[in-house]
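In this note's numbering, the protein residues as written are 66 to 128.
From the three backbone atoms N, C-alpha and C, an ideal C-beta is built for every residue, glycine too.
Some notes on the structure that comes next.
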Ligand SMILES: [Zn+2]
């Protein structure tokens, strides 16, 4: 069975100034990439809290 893709979108973060990046894929892929992106582009720290927050914001992708 194919795993549903999840999506996360920087536009959901008020703090992510004008960033319109969306990441979709399997949950672990999205979290990993989103953490990387948040650290590099948004000056976030890679903490369990950040990962938790991202995990809660994931939505089912439409395809
Ligand atoms: Zn971003």
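Going by Cα to Cα distance, which pick from 112, 67 and 92 is closest to residue 122?
92
Element boundaries [beta strand (DSSP E), containing residue 71]:
71 to 74
Report whether the distance from the Cβ of residue 107 to the nearest heavy atom of ligand 1 is below 7 Å.
yes
Identify the residues that DSSP records as bridge partners of residue 108: which are they?
None, per the DSSP bridge assignment.
Give me the DSSP bridge partner(s) of residue 87.
74
Where residue 127 sits in the DSSP three-state scheme
coil
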